[in-house]
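Worksheet: one structure, shown below.
Numbering (our numbering), first residue to last: 4 to 1119.
Spelled out as structure tokens, the structure:
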């Protein structure tokens, strides 16, 4: 075994870096002692045999040699050894007592052995007093005396040399060789800070006159912290795969409805994109790029061991202890068929034995629309419209521009919206029973009128130790939420509600909006306020387990979980809306109900064994999971009045009523295994395998095998690295494995029937026809992944670096392939196509300054992923997705595809010089590149690659400052090199109006401004292409965002006995955005939701908000 010297203040302690993870607790300590005696049979019981031969050696070197042979700690101060004499001694196979007796001969020192610790002090037991504190004490009062003893939490033995200091005072003491102390205090209710190197610092309240018993537990270094992995946990230093860890404390006060919203920019290689800014809206998450084209690219979620697809709005962020993100095949292969897209493990808080705690975290605040799209005001739009009418030889629409008013529809349908959250948690327990009980209320009104999200949630986590080896536990989360859905599409508002139209008439009644094409449009404000559209969710996520943990390292665990979700949707569009009222169509209603029940049973057995320099951990298991889902929908229209809304569909027009119902069921059965082997704590090997059988796949390919292997080398434990003196920890990793993706439709491999109508003899007949063809050869999508990584810690743990390189290849993609028309069908789902992802990830975290009153921490992560389509099957070189997006072999999936904009035609002479005339073309009209070189405009034939949603790199960085009680934390998120397609931009900016025009059109091409590259009015009518298929619609989506800025002040609780901790905080979100995307509300958009490949389209979704909250955090 090797040893290192660590220094804290002026106290130096020598400690062994053991290759074995030693757990605290007397039971495990005796187990290790028994193992030691078994291996070293014949040695003298209770005392190690030591051989020492030195001449004029420094005493510190002697301590190191004894430590290496015996495992005993040496504790002393620098001052104690200052006058120590060199040691000369030769002794063989003697007890530590005799060796120490020889070493301390003629020394001005003395020592005492306690709990395998040698406490060295000046002769006469004169232990040094602590350094004086620079802070002055309060007004002195008659002194009182506090006495007591400090003991070790594991051995319960007294601890000499422990420092006790009165918080905010120079008063202090050090425990004597028997672990006892005596200290005078100047006032009652002071806080004693109890500290000892290698142990967690405690704060104890004391009033004088009492005799305290203080129990100190060993501190856990960053590398010894436990990281949760699939079906187990390991120390951070022993992780062989690529795992990112996010602490619960980093997200618990984030003003978000859903946990995934708080993950943006937190982990390298994890790209989290907001679908929209609606309260409770989901995000899309890509871990190391997208692997699939038709199946899901979303990661697998595991909450407290339960595997499934969750609405993360049901989880209270304050309940989360940690989030581990598994990224490479070694980490994810244990989840087999569902691990290809990465795995997100969410672990919630649990109670701890000891004094109970009550925690309160509450905040309130407001949200605003960060920015508006700049449009022409009423008179400017009227002028524009008249100009267009003149171009087409029509009469002007507006006679007197001075009488035209302006309506800001964006302001009319948005608001400053409140948001609040209140969380109450109880935690604690005894050695037998621990508990964590919490409740949360969250309410967020949306910035668009009559939208919002409300949640009631409660959690109960229990652990009961029945015997020394048998325990049971439960995790239960109940959630009830109400989403007041958005009723107004901003795309429609900008397109069809002109700034020249008022919201209400002179009587205050909502007007019917007349767009400038002569049509009518429902008043957006009326729609927002009068329409009903709510989604109600009730869910119960429960997980119960039985754990048998035997002394010999054998562990059995059986787990049963349930996820029961009931979702109801209720919508009603009243007939009293201005336009509907005029048209006399009556109200319309929609109802739906979805009930799903997901059951999971998992049974695992593991065995852990240590001997000599070897450690082995074996895991095996069997899992069974099944889900049943039932849903129905019903609609009605033509209601005579709006009194009952959706509560009596039978009163509608029976000819306009409809109803549907569905039911699905799927099952997955799995066998899993993992072997971890450690040699000397330096060489780590992990082999993982899982066999999955899924009902989603065809009969011939229901089962698949997914293996992985990993090797890690603790370079920092090698002498040639230690001698460099640079690294506290250095590890290299190499992993390879296979994972799968079965996230396709439940019955995609089966043939289906559909209802079909046909006419016979003049009468319509209803029958059934084959809707889709079966494919009995469909296989799993499979991903091969290779990963190489480096983990390093430098500067005594103040700087950590994680670097990863990866390569992924996904094949057997599930795509629709064309089949002969003689079958009666155009396509069928088949395994064709290959996609590649490769990239690099870097995370750097460090402490810049660490002073008693001031600390400064920095963190930074960056990732670059390169996605490429390698094969689309059957020799295809490209595949259309939608107008404006295409899959092309050799390019990222997808690329934006359309006409390349080159400005405007400046004169008639330029138009006349064209090889092939374009009918209707005029000066000021758009000019597009002749891509195919035939000298004429060919529409789609002249399409070219005009952008990609794939960023060159992305990530986040944070800075945290603390000065005494005040702290500040700023977190930034960024992405660079990706493009965004603005679906409506060309209509606003290219002179083709529907109702509104962008303010930049004041600089459009005119006879007077004939060098402008902004097209003249009406120019779009010449080209019959979708407006989003212009390069003019593609903009740079790069941005730098100040995601959150929090100021926190810790309030002194010294004078309030029942208050342990208190703080107040102010948080701002989305405070700053540096970007070049000027056509939309925010470059971080994804209007196509969770579509596997269609990303980067902005359909003017619900905009993101800017929020400010004030909160309080109490611990009682």
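For every residue, glycine included, the Cβ atom is placed at its ideal position computed from N, Cα and C.
These numbers come from a predicted model, not from an experiment.
{"Query": "Every unbroken beta strand (DSSP E) inside the stretch 654-732 [3 residues or more]", "Result": "661-682, 686-697, 706-716"}
{"Query": "Bridge-paired residues (DSSP) for residue 1130", "Result": "Beyond the ends of the chain as shown, which are 4 and 1119, falls residue 1130; an answer cannot be given."}
{"Query": "Contact the stretch 1040-1051 vs the stretch 1066-1081: 3+ CB pairs below 8 Å", "Result": "yes"}
{"Query": "Alpha helix (DSSP H) runs wholly inside the stretch 392-472, at least 4 long, in chain order", "Result": "412-416"}
{"Query": "Member of 348, 1050, 337, 244 whose CA lies at the smallest distance from the CA of residue 328", "Result": "348"}
{"Query": "Beta-bridge pairing of residue 545 - partner residues as DSSP gives them", "Result": "479, 565"}
{"Query": "Delimiting residues of the alpha helix (DSSP H) encompassing residue 915", "Result": "911-915"}
{"Query": "Residue 301 (DSSP reduced to helix, strand or coil)", "Result": "coil"}
{"Query": "Inter-residue Cα distance where the pair is residue 1118 and residue 1062", "Result": "6 Å"}
{"Query": "Spatial distance of residue 663 from residue 575 (CA atoms)", "Result": "18 Å"}
{"Query": "Extent of the continuous alpha helix (DSSP H) run through residue 585", "Result": "581-586"}
{"Query": "Beta-carbon proximity of residue 444 to residue 483, cut-off 8 Å", "Result": "no"}
{"Query": "Test item: CB-CB of residue 694 and residue 711 under 8 Å", "Result": "no"}
{"Query": "Residues sharing a beta bridge with residue 633, DSSP", "Result": "598, 666"}
{"Query": "For residue 590, the three-state DSSP class (helix, strand or coil)", "Result": "strand"}
{"Query": "Exposure label - residue 783; buried when at least 16 CB within 10 Å", "Result": "buried"}
{"Query": "Close Cβ partners of residue 1108 (< 6 Å) along its chain, the five nearest in sequence each way excluded", "Result": "280, 370, 450"}
{"Query": "Distance, residue 903 Cα to residue 302 Cα", "Result": "36 Å"}
{"Query": "For residue 869 and residue 894, believed in contact at Cβ under 8 Å, the rounded distance", "Result": "The Cβ separation is near 11 Å, so there is no contact."}
{"Query": "For residue 860, three-class secondary structure by DSSP", "Result": "strand"}
{"Query": "Spatial neighbours of residue 944 in its chain, beta-carbon cut-off 7 Å, leaving aside the 5 residues before and after", "Result": "935"}
{"Query": "C-beta atoms of residue 1114 and residue 364 nearer than 8 Å", "Result": "yes"}
{"Query": "Opposing strand residues paired with residue 1034 [DSSP bridges]", "Result": "Looking at the DSSP assignment, residue 1034 forms no beta bridge with any residue, so it has no partner."}
{"Query": "Any chain C beta carbon closer than 8 Å to residue 882", "Result": "Here chain C cannot be found, since the structure has a single protein chain."}
{"Query": "Contact belief for residue 1087 with residue 276 at Cβ below 8 Å, rounded distance in angstroms", "Result": "6 Å"}
{"Query": "Segment limits, alpha helix (DSSP H) that includes residue 772", "Result": "Per DSSP, residue 772 belongs to no alpha helix (DSSP H); it is in the beta strand (DSSP E), 766-775."}
{"Query": "Any non-hydrogen atom of the ligand FAD within 7 Å of residue 755 CB", "Result": "The ligand content of the structure shown is nil, which means the ligand FAD is not present either."}
{"Query": "Pairwise C-alpha distance: residue 671 and residue 632", "Result": "15 Å"}
{"Query": "Pair within 8 Å by beta-carbon distance, residue 409 and residue 380", "Result": "yes"}
{"Query": "CB of residue 748 within 8 Å of CB of residue 707, strictly", "Result": "no"}
{"Query": "Option in 55, 412, 788 with minimal Cα separation from residue 507", "Result": "412"}
{"Query": "Buried versus exposed call for residue 42 [16 or more other C-beta atoms within 10 Å across all chains shown]", "Result": "Note that residue 42 scores 33 on pLDDT, short of 50, meaning its location in the model is unreliable; the coordinates nonetheless yield the value given after this. Burial call: exposed."}
{"Query": "DSSP state of residue 963 mapped onto helix, strand, coil", "Result": "strand"}
{"Query": "Contacting residues, own chain, Cβ-Cβ under 7 Å from residue 697 (five flanking each side not counted)", "Result": "340, 671, 705, 745"}
{"Query": "Stretch-stretch touch, CB-based, cutoff 8 Å, three pairs: the stretch 234-243 with the stretch 176-190", "Result": "no"}
{"Query": "Three-state secondary structure assigned by DSSP to residue 649", "Result": "helix"}
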